[in-house]
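In the working numbering, the protein residues as written are 7 to 273. Beta carbons are placed, not taken as given, at the ideal position from N, Cα and C, and that holds for glycine. All figures in this text were calculated on a predicted structure; none of them were measured in a lab. To start, the structure under review is shown below, and the notes come after it.
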Amino acid sequence: MAKRSPLAEKLDEVKQRIATAAIKAKREPSEITLVAVTKTAGLEQIREALQLGVTDLGESRVQQLAQRAAQLNEFFQRRQTFSDGSVPSAGGAAAPGAAPAVRWHMIGHLQRNKAKQLVPLVSLIHSIDSLRLAEELDSIAEKAKKKCNVLLQVNASEETQKSGVAVGAAVHLAEQIASMPSLQLVGLMTMAAFDAPEAQVRQTFARTREIFEEIRWQKIGGPAMRHLSMGMSNDFETAIAEGATMVRIGSLLFGGKVMDHEEEGEG
Ligand SMILES: *Cc1c(COP(=O)(O)O)cnc(C)c1O
């Protein structure tokens, strides 16, 4: 049997760690979606990840998400054309033609002037953190006749430089977003302080879960309100212990330490 690629091994290892953390928290591993964050990955690695069964990809910049979505579409369409028989093949070994289904997640800070480009491409936007941004998205989604799934990003670590709505304003903003006709609020997202002690990281995730429970208790968002996007390469197990349903993992899969976990200026 051929030696497995480094990415295949890392992916297995990450899935295994997710499962172990889930079981330790008395949860079902299948409740947790792995969002593979591709901002440091090459296109080749992204294709390989899809072929290994990854279905959810995350990017923190609209430009890069759009570019990669287009490149992947082109690649898989071309491959489909070939395997449809336009290329003579000496029997067999034709790649299965169907393009893998990809769900794109926008995980970085979103500027209002990029929202229009993003809406048709994205399955879930993790980073709604203001009423103005939500209103802009709602009106764009309405024109596009699309229901846009969003998470409210909460600044639960209370770092001043961090994106996200303040803890004390989160429930009210969730209620406003949930009332917008073309947005579907499906949960909360947070980021813990980078390199903070584990107890502090855990506190950030626990606080986010408490806000999430408060929102659900008030029936804001209804049954769709069921996701907690929290946890990255260095803290996803802690996040799972506190109820994460989506973990956003980049460097552990693709390498490339990026210190810049918020987006840099998109111009
Ligand atoms: C880059 C990024 C991640 C992934 O971080 P890693 O440490 O590389 O796993 C997760 N969430 C957000 C918002 C990011 O910008």
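Open item on the list: Can you tell me whether Q83 is buried or exposed? The criterion is at least 16 other CB atoms within 10 Å of its CB, across all chains shown.
Closed with: As a working note, residue 83 is residue 77 in the sequence shown. So Q83 ends up on the exposed side.
Task: Candidates V253, S239, L191, E165, of which the one nearest E141 by Cα - done: Indexing the sequence shown from 1 puts residue 141 at position 135. Comparing Cα-Cα distances from E141 to each of V253, S239, L191, E165, the minimum goes to L191.
- [ ] Take the Cβ of Q159 as the centre, count every other Cβ of all protein chains shown within 10 Å, and call the residue buried at 16 or more, exposed below.
- [x] Sequence index remark: in the sequence shown, residue 159 carries index 153 (1-based). Residue environment for Q159: buried (at least 16 other C-beta atoms within 10 angstroms of its C-beta).
Task: Check: S274 C-beta below 6 Å from any heavy atom of ligand 1 - done: Here the chain covers residues 7 to 273 and nothing more, so residue 274 does not appear.
Open item on the list: Any heavy atom of ligand 1 closer than 6 Å to the beta-carbon of G256?
Closed with: As a working mapping, residue 256 is identified with position 250 in the sequence shown. Look at G256: its beta carbon is less than 6 Å from one of the heavy atoms in ligand 1.
Task: Cα-Cα separation, T214 to G237 - done: Translated into the one-based positions of the sequence shown, residue 214 becomes position 208. Translated into the one-based positions of the sequence shown, residue 237 becomes position 231. The alpha-carbon of T214 is positioned some 12 Å away from that of G237.
- [ ] Could you tell me whether the region 237 to 249 touches the region 46 to 63, using the rule of 3 or more Cβ pairs below 8 Å?
- [x] Output reads no: the region 46 to 63 does not touch the region 237 to 249.
Open item on the list: Suppose the cutoff is 6 Å on Cβ atoms and the five residues either side in sequence are ignored; what does the same chain contact list for I134 look like?
Closed with: Along the sequence shown, read from residue 1 onward, the residue named residue 134 stands at position 128. Hits under 6 Å: A140, V156, L158.
Task: Residues that DSSP places opposite T196 in a beta bridge - done: Taking the sequence shown and counting its residues from 1, the one referred to as residue 196 is at position 190. V160.
TODO: With hydrogens ignored, establish whether the beta-carbon of S66 is closer than 6 Å to any heavy atom of ligand 1.
DONE: If you number the sequence shown from 1, residue 66 lands on position 60. The answer is yes for S66.
Open item on the list: Helix, strand or coil, according to DSSP, for V253 in the structure here?
Closed with: Position 247 of the sequence shown, counting from 1, holds the residue named residue 253. Secondary structure of V253 (DSSP, three-state): strand.
Task: Cβ-based burial, M186 [other Cβ within 10 Å; buried from 16] - done: Residue numbering aside, residue 186 sits at position 180 when the sequence shown is read from its first letter. Residue environment analysis places M186 among the buried positions, since at least 16 neighbouring C-beta atoms fall within 10 angstroms of its C-beta.
Task: Cα-Cα separation, R208 to L58 - done: By 1-based counting over the sequence shown, the position of residue 208 is 202. By 1-based counting over the sequence shown, the position of residue 58 is 52. In a straight line, the C-alpha of R208 is about 31 Å away from that of L58.
Task: 8 Å CB neighbourhood of V125 in its chain, flanking five on each side removed - done: Sequence index remark: in the sequence shown, residue 125 carries index 119 (1-based). Beyond the five residues adjoining it in sequence on each side, V125 comes within less than 8 Å, by CB distance, of L143, I146, A147, A150, K152, C154 in the same chain, given in chain order.
Task: CA-to-CA distance, F211 to E15, given in whole angstroms - done: Taking the first residue of the sequence shown as position 1, residue 15 is located at position 9. Taking the first residue of the sequence shown as position 1, residue 211 is located at position 205. Going by the C-alpha atoms only, they are around 28 Å apart.
Open item on the list: I'd like to check one pair, T44 with R109: are the Cβ atoms closer than 7 Å?
Closed with: Numbered from its first residue, the sequence shown carries residue 109 at position 103. Numbered from its first residue, the sequence shown carries residue 44 at position 38. Against a cut-off of 7 Å, the Cβ pair of T44 and R109 comes out as no contact.
- [ ] Identify, in the order they occur along the chain, each residue of the same chain with its Cβ nearer than 7 Å to the Cβ of L189, setting aside the five sequence neighbours on each side.
- [x] The count along the sequence shown starts at 1 and reaches residue 189 at position 183. Excluding sequence neighbours, L189 sits near A140, L143, D144, A147, C154, V156, I183.
Task: Buried versus exposed call for S11 [16 or more other C-beta atoms within 10 Å across all chains shown] - done: By one-based count along the sequence shown, residue 11 stands at place 5. In this structure S11 is exposed. Its beta-carbon is surrounded by fewer than 16 other beta-carbon atoms within 10 angstroms.
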